[in-house]
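Visitor: Which chain is which? The protein sequence lines are C and F, in order.
Its first residue numbered 1, the first sequence is counted upward by one per residue in the UniProt record's numbering.
Its first residue numbered 1, the second sequence is counted upward by one per residue in the UniProt record's numbering.
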Amino acid sequence: MLHLVKYRFLQIIRMRALMFWALLFPVILGTLYYFGFWKNANCPQLEMIDVAVVAEEDSPFLTFLEGAEDLLSFHVMEEEEAEKALENGKVQGIYTEGRERTLTVAATGVAPSILETILKQYNTNERLIEKVAVEHPERLEGMMDSMKAYRDRTTETSLGGTVRNSLVEYFFALVGMACMFGCDLGFAVSLSSNADQSPVGMRRNISYLSRGKIMMADFLVVYGIHFVNLWILICYLKGILRIPLGEDNGKILLLCMAGGMIGVSFGIIAGSIGKSSGTHRLNFLTLITMLLSFFGGLMVQNMRHIVDKCCPLLNAWNPVALISDGFFSMTIYEDMARYWRNVMMLFGMGMMFLVAGCIVMRRKRYDSI
Amino acid sequence: MILIENLVKRYGKILALDHLNLEVQEGEIYGLLGPNGSGKTTVINCILALLKFDKGSVKVFGEEIRPESYHLKKQIGVVMQNVAVFEELSVYENIDYFCGLYIPEKLKRKKLVEEAIAFTGLEEYLKFRPQKLSGGLLRRLNIACGIAHKPRLIILDEPTVAVDPQSRNKILEGIKELNRKGSTIIYTSHYMEEVEQICTKISILDRGKCLATGTKEELKRMVKTGQRIVIDTVVLNEKQIEKIRTLPHVFSAVWKDQCLMVHCTEDGENLIRLLSYLSQEKIPFGRVFSEQPTLNDVFLEITGKALRD
């Protein structure tokens, strides 16, 4: 057995094209996703907004603006100087304090909107403080504290409490696709095990060792290689690209095991049935894999949710959607029942394909070779 | 050792084997001779229990062979028509891998692999991958993979296709050597010279039927042609050709492109008689060839077509 495993391992890892699709392609695609949208979405490079303020130096409004220093760069000026600066485009707005606080802008756009929002917020807060100070002075201190904590409370949070960025779903689907790419490995093994598919398959079919033993060795090798490939991908995504795929490595490992199994066994069954050429069937297999990945959300972020509404049965049987949903349950919903349901479904389907492949291949006697 | 009785195999509407009967005795080099599509490979695949067949029985070592007859398969080595090796493994790794499908013991296997390498003369190419080998070397690797476990029965299915003459001779010598060491050989080919050179018993197949079986001498005795005489650069008229046809033991004389071809039944005096007639008529002639019948002549007479038609 060790002999079979050793040489099968050497043979598979030397198949460069196969290893490219099974390992390098998901890594490359993950890197492209990262630089394409993830990095920008997580490190927004907002430009500072220059604004002129016409106010007394000890105005509480200036103290408030200091709190927005990561957004605004304000300059205290005389009214004429400020108007000139606005004309020259050196500032994008002018806050003027008088009987009423006003904002003057030269054009519409994002920056003037932000300036307007900030002013509105200040005015609202000011009125609120004045009202509380008059009507409930004893609550003034508590209200000031809660106002300071405002920003912390408005951070986007998931249902389960983990910080959420919905773009992470692309990476969930990417892992799903990588799991399904194991079908290339299973398919390669299947071709070289069937006498009607390759001369090597013929030679292996007439050997002294039982087909069951040979198939077992083959499966262990490709499954092992695929699992390691998936784990390399996970480590790369989590460790280097810092994609939040989940904290529980054990559960990620289990999801990869289930996903990897379905990928490999799908390839084995696809290689065992039918008599059309290997290239045709491999192309068909790639098409199926990409379709499943598409419906699993690899190319359109909300695809899985759209399919869920339109055709939930497809999601229930799509391995990529199940893997993606497994990650989703772990990191977004923190719904472990759903996670386990997905894992069991994947293992069940994987076993089904594997058993079917074994039944087809064992004791096979061909009509023609 | 192998007994095939009444074997029928159909591929859809095509009858590939038509009530075929064969018997291979231990120690023979048994040749299956026939043109492409005559059913040679189908017979082999039935012997190896790879193909389902419609009727008949195939017994190997006295037992009906089935896909799960591993104890029988252990004693069989096969050299395929197509080279059956892993492109990604080296010469040594390939031989070791395929030998390992029969011999689990590491030390014993190592010895056998080394013997197979020496037998096929692949010592200098152990670390080469198959794509780096020439056609002849690749065929030798294919043979090494099939025979490394020293099987009792070796089946070689057209092992010399697309091999240069030098490598072909080496392969044929190797096959005889394997037979001398005790293996029974089944050898399929559509090259009659090869079959004639190495086989101790031959079956001629055509359209899935066994047309004749015997040693090469027995087969040649089955046909009318005992001697074929070819005379180059000779000019004859119809009358003279007719006269030649009436010479004793001559049953056919054809004159075409200034070349005379005469078929005679076996007799020591045929050539002398023909040359005497030409001298007597003062007919000048060029080169003279006298040949014993070949298996191609046998095939031609039995089937009415040349082996490579």
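For every residue, glycine included, the Cβ atom is placed at its ideal position computed from N, Cα and C.
#1: Determine, using beta-carbon pairs with one atom in the segment 253 to 266 of chain C and one in the segment 45 to 64 of chain C, whether at least three such pairs fall under 8 Å.
#2: For F/K132, count neighbouring Cβ atoms within 10 angstroms of its own Cβ and tell me buried if that reaches 16, exposed if not.
#3: Any heavy atom of the ligand ADP inside 8 Å of the beta-carbon of C/W38?
#4: Do F/Q227 and F/E266 count as a contact pair if the criterion is CB distance below 9 Å?
#5: If you drop the 5 nearest sequence neighbours on each side, which residues of the same chain put their C-beta closer than 6 Å to that of C/S272?
#6: Using 8 Å as the threshold, is the segment 10 to 29 of chain C in touch with the segment 227 to 240 of chain C, meaning 3 or more CB pairs across them?
#7: Measure the C-alpha to C-alpha separation of F/R36 and F/M1 and round it to an integer number of angstroms.
#8: Is any beta-carbon of chain F found at less than 9 Å from that of C/F20?
#9: Which residues mark the beginning and the end of the beta strand (DSSP E) in which F/M261 is found?
#10: So, at 7 Å on beta carbons, what are the nonlocal neighbours of F/V24 in its own chain, with the 5 sequence-adjacent residues on each side left out?
#11: If you draw a straight line from the C-alpha of F/G208 to the C-alpha of F/E88, how long is it?
#12: Measure from the C-beta of F/D309 to each C-beta in chain C and report whether the shortest distance is under 9 Å.
#13: Only counting the same chain, and skipping five residues up and downstream in sequence, which positions put a Cβ closer than 8 Å to that of F/L275?
#14: Buried or exposed, going by whether 16 or more other CB atoms sit within 10 Å of the CB of F/C264?
#15: For a contact defined as C-beta to C-beta under 9 Å, what are the partners of F/M192 on chain C?
#16: Assess contact between the segment 184 to 203 of chain C and the segment 4 to 20 of chain C, defined as three or more Cβ pairs (one per stretch) separated by less than 8 Å. Is contact present?
#17: Work out the CA separation of F/I231 and F/K40 for me, nearest whole Å.
#18: Quick one: does C/A15 have its CB under 9 Å from some CB of chain F?
#19: In whole angstroms, what is the alpha-carbon distance linking F/A212 and F/I76?
#20: Can C/M216 and C/M1 be called in contact, C-beta distance under 9 Å?
#21: Leaving out five residues before and five after F/E303 in sequence, what residues of the same chain have Cβ atoms less than 7 Å from its Cβ?
#22: Just to confirm, are F/G56 and F/L7 a CB contact at a threshold of 9 Å?
#23: What residue range is occupied by the uninterrupted beta strand (DSSP E) comprising F/C199?
#24: What's the gap between the Cα of F/K150 and the Cα of F/L112?
#25: Taking Cβ positions only, does F/V70 come closer than 9 Å to chain C?
#26: Using only the alpha-carbon positions, how far apart do C/V163 and C/L285 sit?
#27: Could you tell me which of C/I243, C/A178, C/P244 and C/K213 sits nearest to C/V228, measuring between CA atoms?
#28: When DSSP labels each residue in this structure, what does F/Q240 get in the three-state scheme?
#29: Indicate whether F/E177 and F/F119 have their beta-carbon atoms separated by less than 9 Å.
#30: Which word fits F/V254, buried or exposed, when buried means at least 16 other C-beta atoms lie within 10 angstroms of its C-beta?
#31: Answer with yes or no whether the minimum CB distance from C/H3 to chain F is below 9 Å.
#32: DSSP state of F/Y11, grouped into three classes?
#33: Tell me which residues share the same chain as C/A22 and place their Cβ nearer than 7 Å to its Cβ, disregarding the 5 neighbours each side in the sequence.
#34: Pull up the CB-CB distance for F/I143 and F/V79, whole angstroms please, since I reckon it's below 8 Å.
#35: Would you kindly report the start and end of the unbroken beta strand (DSSP E) that includes F/M211?
Guide: According to the data block:
#1: no
#2: exposed
#3: As for the ligand ADP, it is missing from this structure, which has no ligand bound.
#4: Inclusion of F/E266 and F/Q227 in the CB contact set at 9 Å is warranted, their separation being smaller than that value.
#5: S190, G357, V360 and M361
#6: yes
#7: Inspection of the sequence shows that residue 36 of chain F is occupied by Asn rather than by Arg. Spanning the two alpha carbons is a distance of roughly 26 Å.
#8: no
#9: C259 to C264 is the span of the beta strand (DSSP E), which, as asked, contains F/M261.
#10: M1, I2, Y30, T184 and I186
#11: 37 Å
#12: Low local confidence applies: a pLDDT of 45 at F/D309 is under 50, so the model's placement there is unreliable, and no value is given.
#13: V288
#14: So F/C264 ends up on the buried side.
#15: Residues of chain C passing the Cβ test: none, with the nearest at roughly 25 Å.
#16: yes
#17: 36 Å
#18: The sequence shown places Met at residue 15 of chain C, not Ala. By this cut-off, C/M15 is an interface position.
#19: Rounded to whole angstroms, F/A212 to F/I76 spans 26 Å at the Cα level.
#20: yes
#21: The question names Glu, yet the displayed sequence has Thr at residue 303 of chain F. Hits under 7 Å: D206 and L211.
#22: yes
#23: Taken as a continuous stretch (DSSP letters only), F/C199 belongs to no beta strand (DSSP E), as it is neither H nor E.
#24: 8 Å
#25: Residue identity check: residue 70 of chain F is Tyr in the sequence provided, not Val. So, interface residue.
#26: Low confidence applies here, because C/V163 scores a pLDDT of 48, under 50, leaving its location unreliable; read the following figure in that light. Using only the alpha carbons, I get a separation of about 37 Å.
#27: C/A178
#28: Here DSSP, grouped into helix, strand and coil, assigns F/Q240 to helix.
#29: Yes, these two residues count as a Cβ contact at 9 Å.
#30: The Cβ neighbour count for F/V254, taken over all protein chains shown within 10 Å, is under 16; the residue is labelled exposed.
#31: yes
#32: Strand at F/Y11.
#33: F181, G182, D184, L185, H226 and N229
#34: 5 Å
#35: Sequence inspection shows Leu at residue 211 of chain F; the Met mentioned does not correspond to that position. F/L211 -> beta strand (DSSP E) spans K209 to G214.
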